[in-house]
Every structure is written in C-alpha cells, then in structure tokens.
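As you go down the protein sequences, you meet chains S and C in turn. Read left to right, the first sequence gives residues 1 to 437 (full-length UniProt numbering). Read left to right, the second sequence gives residues 1 to 437 (full-length UniProt numbering). Following: one structure in structure tokens, then a few remarks.
Protein chains: 2
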Amino acid sequence: MKQLHKQSASARKDEEMPASDTPPYSPKSLKNPRSLPRSLNYILKEQRLLFVLIGIVIGATFFILQPSLSSSDGRGVISIANRESIDGLGHRGQTDFGRHGYGKYTNGVGRVPVGIGNRRKRIVVTGGAGFVGSHLVDKLIARGDDVIVIDNFFTGRKENVVHLFGNPRFELIRHDVVEPILLEVDQIYHLACPASPVHYKHNPVKTIKTNVMGTLNMLGLAKRIGARFLLTSTSEVYGDPLEHPQKETYWGHVNPIGVRSCYDEGKRVAETLTMDYHRGDGVEVRIARIFNTYGPRMCLDDGRVVSNFVAQAIRKQPMTVYGDGKQTRSFQYVSDLVYGLIALMEGEHIGPFNLGNPGEFTMLELAEVVKETIDPSATVEFKPNTADDPHKRKPDISKAKELLNWEPKISLKEGLPRMVDDFRNRILNEDEGRGSR
Amino acid sequence: MKQLHKQSASARKDEEMPASDTPPYSPKSLKNPRSLPRSLNYILKEQRLLFVLIGIVIGATFFILQPSLSSSDGRGVISIANRESIDGLGHRGQTDFGRHGYGKYTNGVGRVPVGIGNRRKRIVVTGGAGFVGSHLVDKLIARGDDVIVIDNFFTGRKENVVHLFGNPRFELIRHDVVEPILLEVDQIYHLACPASPVHYKHNPVKTIKTNVMGTLNMLGLAKRIGARFLLTSTSEVYGDPLEHPQKETYWGHVNPIGVRSCYDEGKRVAETLTMDYHRGDGVEVRIARIFNTYGPRMCLDDGRVVSNFVAQAIRKQPMTVYGDGKQTRSFQYVSDLVYGLIALMEGEHIGPFNLGNPGEFTMLELAEVVKETIDPSATVEFKPNTADDPHKRKPDISKAKELLNWEPKISLKEGLPRMVDDFRNRILNEDEGRGSR
Chain S
1 MKQLHKQSAS
11 ARKDEEMPAS
21 DTPPYSPKSL
31 KNPRSLPRSL
41 NYILKEQRLL
51 FVLIGIVIGA
61 TFFILQPSLS
71 SSDGRGVISI
81 ANRESIDGLG
91 HRGQTDFGRH
101 GYGKYTNGVG
111 RVPVGIGNRR
121 KRIVVTGGAG
131 FVGSHLVDKL
141 IARGDDVIVI
151 DNFFTGRKEN
161 VVHLFGNPRF
171 ELIRHDVVEP
181 ILLEVDQIYH
191 LACPASPVHY
201 KHNPVKTIKT
211 NVMGTLNMLG
221 LAKRIGARFL
231 LTSTSEVYGD
241 PLEHPQKETY
251 WGHVNPIGVR
261 SCYDEGKRVA
271 ETLTMDYHRG
281 DGVEVRIARI
291 FNTYGPRMCL
301 DDGRVVSNFV
311 AQAIRKQPMT
321 VYGDGKQTRS
331 FQYVSDLVYG
341 LIALMEGEHI
351 GPFNLGNPGE
361 FTMLELAEVV
371 KETIDPSATV
381 EFKPNTADDP
391 HKRKPDISKA
401 KELLNWEPKI
411 SLKEGLPRMV
421 DDFRNRILNE
431 DEGRGSR
Chain C
1 MKQLHKQSAS
11 ARKDEEMPAS
21 DTPPYSPKSL
31 KNPRSLPRSL
41 NYILKEQRLL
51 FVLIGIVIGA
61 TFFILQPSLS
71 SSDGRGVISI
81 ANRESIDGLG
91 HRGQTDFGRH
101 GYGKYTNGVG
111 RVPVGIGNRR
121 KRIVVTGGAG
131 FVGSHLVDKL
141 IARGDDVIVI
151 DNFFTGRKEN
161 VVHLFGNPRF
171 ELIRHDVVEP
181 ILLEVDQIYH
191 LACPASPVHY
201 KHNPVKTIKT
211 NVMGTLNMLG
221 LAKRIGARFL
231 LTSTSEVYGD
241 PLEHPQKETY
251 WGHVNPIGVR
261 SCYDEGKRVA
271 ETLTMDYHRG
281 DGVEVRIARI
291 FNTYGPRMCL
301 DDGRVVSNFV
311 AQAIRKQPMT
321 VYGDGKQTRS
331 FQYVSDLVYG
341 LIALMEGEHI
351 GPFNLGNPGE
361 FTMLELAEVV
371 KETIDPSATV
381 EFKPNTADDP
391 HKRKPDISKA
401 KELLNWEPKI
411 SLKEGLPRMV
421 DDFRNRILNE
431 DEGRGSR
C-alpha cells in the first residue's frame, strides 16, 4: 500500500471509512499469545478450513468472471466496487453537462456509447476529488474515458466523487503529487494544489512544494510515458495587474516576498517548468490560466468571496466585504471551465489560455446578486482588506475564443442558484451533524 | 564518501588531482595473491613493522599537537592538509581585501588574530568554489572563521580555492545542493546556482531544481540547526523593469514562460521560500539582490558582457554587442559585493537589499572602457539581441546605504585592470595548454 502522507493538521473527518468495514478488534488474541495453538486447533477442527477455502474459490471466481472489476494496478488503489452511490449525492455529478450544445463532448451520461470502447482514453486528474477536478472527472467519465483520480484530500473530499465509486472506469488513488508516481495514461490534467488563500497560506512551503515538485513529477511522468500534460495555472500569475483586462501576453505584477507569493510564484514557476519541459524535452503541454470559478462542491468557508457570501447568506449572517468592496472580479461557472479545459487539452494550441468569464462585478454588486438569489434581507459587513489582494481582475478571452472556439455560456444569475441548492444541502447537513453530537 | 553527482556533460579537466600525489600503482601484488605470504614475511622481517609503528606514532603526535588540523568531520571532506599553495595562485585570494577601511572585518590575512580563536564562526558557503563564492570564502577565512565550501563544480572551479587547501580552517565538500546535507554551522551563505545565461539555460529544469530544492534544503538545515541563512538573489527578479532605477519595493516585470524564466522565476520563488521560512518557522534570514558583478575568477566565455568584452579584447577579437548597444547595466567590483554580503549577514536587517554599483554604462560605453584598458585598437561587432534581455538595470542602493552602511567603492576604471591581469593569465595558460596538445 502507498504510504499515507500526512500533510497538515487540518481535520480529516471525511477520510474515515465507515466503521462497519473494519474487522472487530480482538484484544485477547494479542494479549494472550499462549492461547494461539488452541485457536489454531479450533480452526482446523470441524472442516472450518475447508469452508474458508470454498469461500476463497467463490470470491476468486467472481473476480475472474468480471475482469474489469479487478483492473486496479495494486498501487494503493481505493477501488470500492459494487457499491452504489451511498448518500444520494450521486446525482450531482450529472447536473450541468450535456446541456450547452458542446455536442463533441456529450456522448451521453454515465454509459459508454457503443463503438467508443476501443477509442477511450486513459486520463489521470490530479486533484480530481476537489471542486473543479471532480466536475472535470464527471465530464470525462460521462464522455466514456477511463479516469484515475489522484488526491491527497487536503482540500479534496471523497463526497465529490463518491457517486463514481461503483463505476469500473473510475479509480481513486490517495497520493500526494509531491512524491513521484508511475501510471500508464494518455492525458494528465494537473490540477492538484490548494487554490484558496485560506488553504494555500496554511502551509506556504508545502504549497510551493506542491507546485514545483508536484508539477515536476507529473511532467516527468508525461515525458516518460508520452502523455499530454495540462497545467491548470491561475489568474494569480497576473498578481495585482497594471493591465486591464489581462491578456495572456501580460507578464503580471506579483510581489515575490508577500504572504500570497507561495501560490502566485509557485504557479508562475510551474508554468516555467511546463514550458521548459516542452522546449527541452518535446513534452506535449497545455497551460490554462483559470480565473475565479464557482459552483456546487466549492469548499464552504474557504475564504473565497462567492462561497463566503453564499454560505453567509444561507446562515443568515452578514456578508463580509473586505476593503471598500469596489475591487472587481469575474466569476465563471464551473461547467464552463470544464468545457474550456477539455477543449484546450484536445486542441492543438499550447497556451497559456485565460479561462474565465469576462463579466465583471464589484464585490458589492456580487453581494447584491447573492441577496436577490438567496435572501433579500441579507446585509453586508465591511472589514479591512488583506495584504496583496488584487484590486481588479478580468480576463481577456479573445485568444481562447479564437483558437479553442470556447467562451463561457452561464451568467452569474444563472449559475448562482445551481450552487445555492448544493450549499443549502451541505450547510443543512452540517448543522444536523452538529446538532446530533 | 559522499557520492559524486554528475550533473552535466561539461568538461571537468580542472578537477583532476596531480598524478604525483597518488601512490604508485602496483599490479603485481594484486595479480598474484599467492605471493602474499611471502610479502607478509618480508614485512615482518628486519623490524620493518617496528618502523611502520614508529611512523604511525610520529604521524599521530603531529595531529595531537595540532588539533585543528584534524577537525574535519569525515563527511566526504577533501582536506588536503600540509600542502601549500601549489601553483602561485595563492596570492589571488589576498589581493583586494583590507584596503577600503572596512576595519571591522580586516583582522589581517591568512592567520587567526590572537584572542579571536574562541569567537570564530563556522560558516558554510554553497557555491563557494564559484566566482563570487570564492572571494567571499577568502574574506571569511582571512577574518578568522572556519569555512566549509559546498560545490558541485558545474560552474565552480577548484582553481578558485586551491590556495586554501592547506588551511585547516577551510574545507571543501563536493555536493549538489539539490540533495539534502547535514552540517553544524552558525551561518549559511547560499550562493549555489549557475548565474550566467549560458549556464542556467543549459539545463533549465535543473536550474529551477537548484533554486527551489537547493534553497529548501539549506533553509531546512538552517531551521534544524538554528543557523542564520543568507540568500543571494539577483537583480533578475526585476526582469525587464518598468521602474528605473529599481528599489527593493519594486515587484518586477518578469516573463513567466520565457527562456530566461528558469533563473528569474527560480530566484523569485527562492525569495518566497526564504520569507516563508522566516515568517512560518522563525528562521533568521537575509536576502541580497545582486546586480552585475565582475572581477578576477569570472568564468571566461560565460556570455556575460564584461567577461565577454575583456576576453575578446585580450584575444584580439572584436567585442560582440547584442542589439544596438544602448541597453545599460551597472557593474560592481566583486570585493564591494563581498563586503555587502558580510555586512548584510552580520547586520540586523532581513532585506531584500540591492547590492550593486549604481554607476550606469551602456554596452558601448563599457566597450570603450575595455578598449582603453586593454587594447586601444579593439573593435566592436553588432549582433541581434537575445530574447527577454532587459533594456536597462540600475540599483537604487539607498536602503543598503542607510541600514547596512554599505556602498561600493571601486569604480569600473579601477576594477577592470585588476580583472584583466587574471584574465590575461588564464587565457595565456589556455592557449599554452592548447598548443602543447
């Protein structure tokens, strides 16, 4: 088994398996080793051993007859076969895809279309149990591909992919990308990195290691196996931009020694590595610079403005605005991003490409939309701004429009209600969980 | 013994030891093991063994009486004691220090002043066999400190420190900082990284690894042993600056995906790591941003403008000017930089501090000075400029002046002749070496 990498002291409630799966603990047999011969005797008597053997044969037969169920490669794979969606969350993965006319990628949901079987790709998604990653995985699985998710569950959650556990084309590996891994795949979507300030500032050195060693490891894998590699970079590489909106040619305005630098500089150097592997080793690479994105499965309370406002409004708390609230952001609905990532991966252009929604909102305008959507009585509370927070950010997406034929289709007013349902459920469950303790 | 890290295919002629130091090879005793009893007999006869024992006692006594000579820690140390400067290069280390009134650090050259022995520091200098590193080591040794040099000899050269081989306070470890190392020291000067474009572009991924893993390893060491850590960053973190001259508060203008990015972004992220270890773990850190520096022991033909011009003028070749020759640089003599680094390490301020000479020259003006100094008949040849080459760069050093009480003292016209002597000797030796082959 792959060693479990403990990365932070943050709570990991979601990683515990249900207690019923583990064998009952039997302290006696450990404390009294002298009674071992007697229990051995017990096992040997009464054809008990024979029945164990019969059980083994039955189990083996089952797996031999269904080879796809035993296709795990033995490297620390969590493959929980024959287990349907446990908690009713299964529907989430199939909500927003196949609606927007991206016919090329909508081969139906959940089943492999006839005839596509032998063309299906093996794809690894690092960070695939995270917010964006899990939506991407849903889309790739729906398209008919074999998908391996790598996640260390620092910010990723099993709930985000639990509805896929029963699918033989899905596999989940608990692994930290800071360590190398060997896999045989055709494409690598490299998303693994905490992406919200509250998470990436938690252990800045680890954030840099994830960006540098993680990207190095995945690029090394891509080089070794000839896979295509897609880096999800970020609009943060533009820092607090002096050019507005930001084109891909803009070099950015980033503080190298600030408290956010671990993420900004880490992602910049990940881009550098990606281009150096391309130039030096001929690795097929793609770079996406992702702007603010929202949707179901975002972390609650991760400090990002959309999740903050929505969670606060649902909880009947005032919405916290940092600074004067006039700094602007653009908000992209997650399914738009997923289509952009796939278009980039499948296309012929390296990038970098801005993937974001150019619709620009001030924090106060966003608060207004959240208020309209959730609770007309919601209020706003002002707090001093955090260090290095960019004043405005808005993508120029003409390059992606022209070369990838991509643009976002879902407006904030359309997308926000879809997110609110998910958040309401989770906050409700959270409160119930607290109440029952 | 520490494993030898082969990092590049570049020639390493300078690392071979003189053949006269190795014991003569005796194939007979190996090929005829049956003759061993006879040779044993030979040794036992005639009191030969007794004399060997006497020799051992003499040797041991020598080391017991001079304990400092046996202070090596046995970790892959190349300590060649009792060996005076071999080739007349010994004087180089003592040329330029103790002249400029930095009384605090000039306790005489080559000998430990009386009474300083118990206060002397243990200092490691990574990249200590390189151009700047070796001058720093000379100064620290001259001050009376114990100095350990770590170098992988990618661009460092043994010739730069060979005059120190006989000094018991000097130690040389062949080690690549990309791998961790355990040492017990009080201060860490972290210089290790190829610094000229021709070298850092040679293997861009390795350049990033050196900057990230190398800095991580040395910061980890500093944290573990409570040492003070000084990072030598670079003016390249300012990229092609939009602010002129550059203050330390300027965030820079760097292309994250260009061919020079491995160095620029690598150093930026090294600064980030340094500040994160300071903020998160309380490591005592110092950051210097070094501007163009020249002096004896610079690599010949490393593509840097000063060494290029000087080498070309000495070889009677035309001096190559890239672009129109109107881009400007500031040139700092290496001894000024060394005093700045020591003042920063010993002072109470973290930085970053610009260390450079604010005197600004265009490439054509520099060519003129080289012409005057070396050969009035030297000519200039224009070539197209390389990608991402900054148009101008000039340090604002008011912060270092105010807080470190430091400023450069040696002008280009003073410093250049000191470098020319060294270059002339080396180019002459090079030509002789070629001629004799």
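Heads up, the beta-carbon is just placed ideally off N, CA and C, and yes, glycines get one too.
Quiz prompt | Test: S:Asp421 CB closer than 8 Å to a CB of chain C | solution = Output row for S:Asp421: interface = no.
Quiz item: For S:Trp251, which residues in chain C fall below 8 Å Cβ to Cβ?
Solution: Simply Gly239, His253, Val254, Asn255, Pro256.
Exercise. Determine the burial state of C:Gln327: buried for a count of at least 16 other Cβ atoms within 10 Å of its Cβ, exposed for fewer.
Key: With 16 or more other Cβ atoms within 10 Å, it is buried.
Quiz item: Can you name the residues of chain C whose CB is closer than 7 Å to the CB of residue 440 of chain S?
Solution: This structure cannot settle anything about residue 440 of chain S, because the visible part of chain S is limited to 1 through 437.
Self-check item: Whole-number beta carbon distance between C:Val283 and C:Phe229, since they are thought to touch under 8 Å
Solution: The Cβ separation is near 6 Å, so the contact holds.
Quiz item: Residues of chain C with CB under 8 Å from S:Asp396, in chain order?
Solution: Simply none; closest approach about 17 Å.
Quiz item: By how many angstroms is the C-alpha of C:Leu231 removed from the C-alpha of C:Thr274?
Solution: In a straight line, the C-alpha of C:Thr274 is about 8 Å away from that of C:Leu231.
Quiz item: Just how far apart, CA to CA, sit C:Thr373 and S:Asp264?
Solution: Rounded to whole angstroms, C:Thr373 to S:Asp264 spans 46 Å at the Cα level.
Practice problem: With a threshold of 16 other CB atoms inside 10 Å of the CB of C:Asp87, please say whether the residue is buried or exposed. | Solution: Low confidence applies to C:Asp87: its pLDDT is 32, below 50, so where it sits in the model is not reliable, and the reading given next is rough at best. Flag for C:Asp87 reads exposed.
Practice problem: Find out if the Cβ-Cβ distance for the pair C:Ser330, C:Asn357 is shorter than 8 Å. | Solution: Yes, the pair counts as a contact, with Cβ atoms nearer than the cut-off.
Quiz item: For chain S, is any of its Cβ atoms less than 8 Å away from the one on C:His5?
Solution: Because the pLDDT at C:His5 is just 45, under 50, the model does not fix this residue reliably, and the value given afterwards should be weighed accordingly. For C:His5, not one C-beta of chain S is nearer than 8 Å to its own C-beta.
Quiz item: Which value, in whole angstroms, describes the spacing of the CA atoms of C:Phe154 and C:Asp176?
Solution: Their backbone Cα atoms lie some 9 Å apart in a straight line.
Quiz prompt | Pick from C:Val132, C:Ile123, C:Val205 that is closest to residue 501 of chain C, judged by C-alpha positions | solution = Beyond the ends of chain C as shown, which are 1 and 437, falls residue 501 of chain C; an answer cannot be given.
Quiz prompt | Spatial neighbours of residue 443 of chain S in its chain, beta-carbon cut-off 6 Å, leaving aside the 5 residues before and after | solution = In the structure displayed, chain S extends from 1 to 437; residue 443 of chain S sits before or after that span and is not available.
Self-check item: Selection from C:Ser411, C:Glu381, C:His135, C:Arg143 that minimises the alpha carbon distance to C:Gln317
Solution: From the listed residues C:Ser411, C:Glu381, C:His135, C:Arg143, the smallest Cα separation to C:Gln317 is found for C:Glu381.
Quiz item: At least one CB of chain S closer than 8 Å to the CB of C:Gly280: is that the case?
Solution: For C:Gly280, a Cβ of chain S is located within less than 8 Å of the residue's own Cβ.
Quiz item: Would a C-beta distance cut-off of 8 Å place S:Ala311 and S:Phe423 closer than the cut-off?
Solution: Cβ distance < 8 Å, so S:Ala311 and S:Phe423 count as in contact.
Practice problem: Could you check if C:Arg315 is buried or exposed, using at least 16 other CB atoms within 10 Å of its CB as the buried criterion? | Solution: With fewer than 16 other Cβ atoms inside 10 Å of its own Cβ, C:Arg315 counts as exposed.
Exercise. Determine the chain S residues that contact C:Leu404 at a beta-carbon separation under 8 Å, and present them in chain order.
Key: Under the 8 Å cutoff, chain S gives no residues; its nearest Cβ is about 18 Å from C:Leu404.
Quiz item: Who pairs with S:Ile397 in a beta bridge, going by DSSP?
Solution: According to the DSSP secondary-structure assignment, S:Ile397 is paired through a beta bridge with no residue.
Quiz item: Name the DSSP beta bridge partners of C:His253, please?
Solution: Per DSSP, C:Gly239.
Quiz item: Whole-angstrom Cβ separation of residue 494 of chain S and S:Asn211, contact assumed at under 8 Å?
Solution: Given that chain S is displayed from residue 1 to residue 437, the structure contains no residue 494 of chain S and the question cannot be resolved.
Practice problem: Can you give me the start and stop residues for the beta strand (DSSP E) that S:Thr328 sits inside? | Solution: Element bounds for S:Thr328: 328–330.
Quiz item: Excluding the five sequence neighbours on either side, which residues of its own chain have a C-beta within less than 6 Å of the C-beta of S:Val254, listed in chain order?
Solution: Only Gly239, Asp264 meet the Cβ criterion.
Exercise. Taking only the alpha-carbon atoms, compute the straight-line gap between C:Gly220 and C:Gly226 and give it to the nearest angstrom.
Key: One C-alpha to the other measures close to 10 Å.
Exercise. Return the CA-CA distance between C:Thr215 and C:His190, expressed in angstroms with no decimal places.
Key: When rounded, the distance between both Cα atoms is 7 Å.
Quiz item: At least one CB of chain C closer than 8 Å to the CB of S:Pro352: is that the case?
Solution: For S:Pro352, the nearest CB of chain C lies under 8 Å from its own CB, placing it at the interface with that chain.
Quiz prompt | Contacts that S:Thr320 makes with chain C (C-beta to C-beta distance below 9 Å) | solution = In chain order: nothing, as chain C lies at least about 24 Å away.
Quiz item: For the putative contact between S:Pro180 and S:Asn152, defined by C-beta atoms under 8 Å, what is the C-beta separation to the nearest angstrom?
Solution: Not really, about 14 Å apart at Cβ, beyond 8 Å.
Exercise. Could you tell me how far apart the beta carbons of C:Gly415 and C:Tyr294 are, in whole angstroms, since I believe they sit closer than 8 Å?
Key: The Cβ separation is near 7 Å, so the contact holds.
Quiz prompt | C:Asp281 burial status per 10 Å Cβ neighbour count (16 or more: buried) | solution = If you draw a 10 Å sphere on the C-beta of C:Asp281, you find fewer than 16 other C-beta atoms in it, and that means exposed.
Self-check item: Identity of the residues DSSP links to C:Ala288 by a beta bridge
Solution: The partner list for C:Ala288 (beta bridge, DSSP) reads C:Thr232, C:Phe353.
Exercise. Flag C:Glu271 as yes if its beta-carbon sits less than 8 Å from any beta-carbon of chain S, otherwise no.
Key: For C:Glu271, the answer is yes, since a Cβ of chain S falls inside 8 Å of its Cβ.
Quiz item: Does any CB atom of chain C fall closer than 8 Å to the CB of S:Gly266?
Solution: Yes - at least one Cβ of chain C is within 8 Å of the one on S:Gly266.
Exercise. Select from the region 210–222 of chain S all residues with a C-beta closer than 7 Å to any C-beta belonging to chain C, and list them in chain order.
Key: Under the 7 Å Cβ criterion, the region 210–222 of chain S contributes Val212.
Exercise. May I ask you to list, following chain order, the residues of the region 168–182 of chain C that have a beta carbon less than 9 Å from some beta carbon of chain S?
Key: The region 168–182 of chain C vs chain S, Cβ under 9 Å: nothing.
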